[in-house]
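Protein chains: 2
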Amino acid sequence: MPAPLLVTFVASGAGDRRIDRIEAVRGTGLEHAACLAVVEGTRGDGPAGVRWNLRGVTSSLGYTTETERRILVARQPELGRPQATKAALIPIRKREEWWALAQDKRRAILELRSQHISTGVKNLPAVARRLIHCRDLGEPFDFLTWFEYAPEDADAFEELVGRLRETEEWSYVEREVDVRVMRGTSTSSPSRA
Amino acid sequence: MPAPLLVTFVASGAGDRRIDRIEAVRGTGLEHAACLAVVEGTRGDGPAGVRWNLRGVTSSLGYTTETERRILVARQPELGRPQATKAALIPIRKREEWWALAQDKRRAILELRSQHISTGVKNLPAVARRLIHCRDLGEPFDFLTWFEYAPEDADAFEELVGRLRETEEWSYVEREVDVRVMRGTSTSSPSRA
Chain S
1 MPAPLLVTFV ASGAGDRRID RIEAVRGTGL EHAACLAVVE GTRGDGPAGV
51 RWNLRGVTSS LGYTTETERR ILVARQPELG RPQATKAALI PIRKREEWWA
101 LAQDKRRAIL ELRSQHISTG VKNLPAVARR LIHCRDLGEP FDFLTWFEYA
151 PEDADAFEEL VGRLRETEEW SYVEREVDVR VMRGTSTSSP SRA
Chain X
194 MPAPLLVTFV ASGAGDRRID RIEAVRGTGL EHAACLAVVE GTRGDGPAGV
244 RWNLRGVTSS LGYTTETERR ILVARQPELG RPQATKAALI PIRKREEWWA
294 LAQDKRRAIL ELRSQHISTG VKNLPAVARR LIHCRDLGEP FDFLTWFEYA
344 PEDADAFEEL VGRLRETEEW SYVEREVDVR VMRGTSTSSP SRA
């Protein structure tokens, strides 16, 4: 795993992904915009007319065991597959009660009782995923979760998201927004600045 | 535990703690300065003539179990005790190999094989501690560790630091600097901006 990579999601009038919808799942939503751009490596303030931007870093694995890591590495696809024209940006913030728990208590809720990791594995290799950490950066969310999938895998992805939202872990989520985007004719992977 | 608190250590010609020595334990050291100030809550760029500053955030517990957390909460003293006139700032960066390990592997090295948490517990309540995370912030170190102790506990503290440096965990440390400071006549706790 490389050193933390800064990733910024920029919502504005321009960008290579069109925003289909923005849904406030829990708490305050995000302002609507026409397009979303994914910028790696710089602050990525983007073009003029930015409605919002969210940034964070790829980081080390907070809960995943070595056994789970091996399964993920073997089965999860790379970002930027040409056929994965659909994507979801789901920013999440958890309550202070969650962060006050010791590490083993959080792991027990996340995997033993909520099957977060094993549920995600069931959707591999259809859904490519990236977890971006932003709690330590003073951002409005704790995580920015990003998923890329092909139109024919959309139903399976909806089922995955629905199952996770019913878990004990999700009772700790106090803010969640669901941003769905569709790539245009371009099949390029996220730009690296 | 409150939301992440930004903490900045500012080395310059002014500040309520006098720097006794700065030792490069592993890798590149830090420039010498006369004084160190601890600033909470803002970027804390400090007075003119800043030699260096290091910032990070208090964060959730990365490895501590609930059992260990209860012991720590029961035994660890608050920061800012009047008698704890000595302090150490020990910034640490670990190799990429460490961060590439799954969470259970890092926990096994840190506690099962290196007794990091239990070694620290042995020095309670003599040494007050604060762990500041900065890897996700793009800072030159991964952690800023901060310890406050009374002069009569200095030998016990040196023994603690020496034991940790001999552990398997420490073989993953690629940069470490040891900054020792002494408080002046003031007995105030760190300033909150």
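Residue numbers (the numbering used here), protein chains in the order written: chain S, 1 to 193; chain X, 194 to 386.
Using N, Cα and C, we set each Cβ at its ideal position, and we do this for glycine too.
Is Tyr172 (chain S) helix, strand or coil when you go by DSSP?
In the structure shown, Tyr172 (chain S) sits in a helix (DSSP, three-state: H, G or I).
Shortest alpha-carbon distance to Met375 (chain X) belongs to which of X:Ala204, X:Arg248 and X:Ala280?
Of the listed residues, the one whose Cα sits closest to Met375 (chain X) is X:Ala280.
Going straight from the alpha carbon of Ala230 (chain X) to that of Trp170 (chain S), what length do you get?
Cα to Cα, the separation comes out at about 40 angstroms.
Bridge partners of Arg129 (chain S), per DSSP?
Arg129 (chain S) is bridged to S:Phe147.
Would you report the Cα separation of Glu66 (chain S) and Ser59 (chain S), rounded to the nearest angstrom?
Using only the alpha carbons, I get a separation of about 16 angstroms.
If I measure Cβ to Cβ from Gly377 (chain X) and keep anything under 8 angstroms in the same chain, skipping five residues before and after, which residues do I get?
Closer than 8 angstroms at Cβ, skipping near neighbours: Asp209, Arg210 and Arg211.
Where do the N-terminal and C-terminal ends of the alpha helix (DSSP H) with Val73 (chain S) fall, by residue?
Taken as a continuous stretch (DSSP letters only), the alpha helix (DSSP H) holding Val73 (chain S) covers Glu66 to Arg75.
Using a Cβ-Cβ distance under 8 angstroms, would His309 (chain X) count as near chain S?
Residue-level contact by beta carbon fails for His309 (chain X) and chain S, as no gap is shorter than 8 angstroms.
For Arg129 (chain S) and Glu341 (chain X), what's the separation of their Cα atoms in angstroms?
Within the model, the alpha-carbon separation for Arg129 (chain S) versus Glu341 (chain X) is close to 42 angstroms.
Given a threshold of 16 other Cβ atoms within 10 Å of its Cβ, counted over all protein chains shown, does Tyr180 (chain S) qualify as buried or as exposed?
Rather than Tyr, the amino acid found at residue 180 (chain S) in this sequence is Arg. Arg180 (chain S) is buried by the Cβ-count criterion.
How do the stretch 272–286 of chain X and the stretch 329–343 of chain X stand: do at least 3 beta-carbon pairs fall below 8 angstroms, yes or no?
Verdict: yes, contact present.
In angstroms with no decimal places, state the Cα-to-Cα distance between Asp153 (chain S) and Leu79 (chain S).
The C-alpha of Leu79 (chain S) is placed about 15 angstroms away from the C-alpha of Asp153 (chain S).
Where Val266 (chain X) falls, given that 16 or more other Cβ within 10 Å makes a residue buried
Val266 (chain X) comes out exposed.
Could you tell me the boundaries of the beta strand (DSSP E) in which Phe157 (chain S) lies?
Taken as a continuous stretch (DSSP letters only), Phe157 (chain S) belongs to no beta strand (DSSP E), being part of the alpha helix (DSSP H) at Ala154 to Arg165.
Have a look at S:Gly27, S:Leu124 and S:Ala100 and flag the residue whose alpha-carbon is nearest the alpha-carbon of Ser263 (chain X).
Inspection of the sequence shows that residue 263 (chain X) is occupied by Arg rather than by Ser. Comparing Cα-Cα distances from Arg263 (chain X) to each of S:Gly27, S:Leu124 and S:Ala100, the minimum goes to S:Ala100.
Are the CB atoms of Glu168 (chain S) and Arg95 (chain S) within a distance shorter than 8 angstroms?
Against a cut-off of 8 angstroms, the Cβ pair of Glu168 (chain S) and Arg95 (chain S) comes out as no contact.
First through last residue of the beta strand (DSSP E) which encompasses Ile109 (chain S)
From DSSP, Ile109 (chain S) is part of no beta strand (DSSP E); its letter is neither H nor E.
Taking any Cβ of chain S, which residues in the stretch 210–224 of chain X have a Cβ under 9 angstroms from it, in chain order?
Against chain S - using a Cβ distance shorter than 9 angstroms - the stretch 210–224 of chain X contributes no residues.
Could you tell me which residues DSSP pairs with Ile212 (chain X) in its beta bridges?
Note: Ile212 (chain X) sits in a beta bridge opposite X:Val374.
Classification of Leu30 (chain S) by the beta-carbon crowding that lies within 10 angstroms, buried from 16 upward
Its Cβ being crowded by 16 or more others within 10 Å, Leu30 (chain S) is buried.
Using a Cβ-Cβ cut-off of less than 9 angstroms, list which residues of the stretch 314–342 of chain X approach chain S; keep chain order.
In summary, the residues of the stretch 314–342 of chain X whose CB is separated from some CB of chain S by less than 9 angstroms are His326, Cys327, Arg328, Asp329, Leu330 and Gly331, in the order they occur in the chain.
On the DSSP letters alone, give me the boundaries of the beta strand (DSSP E) that Val121 (chain S) sits inside.
Run containing Val121 (chain S): none in the beta strand (DSSP E); it sits in the alpha helix (DSSP H), His116 to Lys122.
For Glu289 (chain X), does the three-state DSSP call read helix, strand or coil?
Correct three-state label for Glu289 (chain X): helix.
Taking DSSP as the reference, what is the three-state secondary structure of Leu30 (chain S)?
Residue state for Leu30 (chain S) is assigned as coil, using DSSP reduced to three classes.
Where do the N-terminal and C-terminal ends of the beta strand (DSSP E) with Gly56 (chain S) fall, by residue?
Where Gly56 (chain S) is concerned, the enclosing beta strand (DSSP E) stretches over Trp52 to Val57.
Under 7 angstroms from the C-beta of Tyr172 (chain S): neighbouring residues of chain X
Proximity of chain X to Tyr172 (chain S) at the Cβ level (cut-off 7 angstroms) is not reached, the minimal Cβ distance being about 12 angstroms.
Relative to the C-alpha of Asp20 (chain S), which residue among S:His133, S:Asn53, S:Leu110 and S:Cys35 is closest?
Residue S:Cys35 is the option with its Cα nearest to Asp20 (chain S).
What first and last residue would you give for the beta strand (DSSP E) that runs through Glu233 (chain X)?
Annotation for Glu233 (chain X): the continuous beta strand (DSSP E) segment containing it runs Cys228 to Glu233.
Distance, Lys105 (chain S) Cα to Asp255 (chain X) Cα:
For the record, residue 255 (chain X) in the displayed sequence is Gly; it is not Asp. Each residue's CA atom was taken as its position, placing Gly255 (chain X) and Lys105 (chain S) some 11 angstroms apart.
Closest by CA to Gln276 (chain X), which one among X:Asn246, X:Glu290, X:Arg306 and X:Ala319?
Of the candidates X:Asn246, X:Glu290, X:Arg306 and X:Ala319, the one whose C-alpha sits nearest the C-alpha of Gln276 (chain X) is X:Ala319.
Looking at the unbroken beta strand (DSSP E) that takes in Thr201 (chain X), where does it start and where does it end?
Run containing Thr201 (chain X): Leu199 to Ser205, per the beta strand (DSSP E) assignment.
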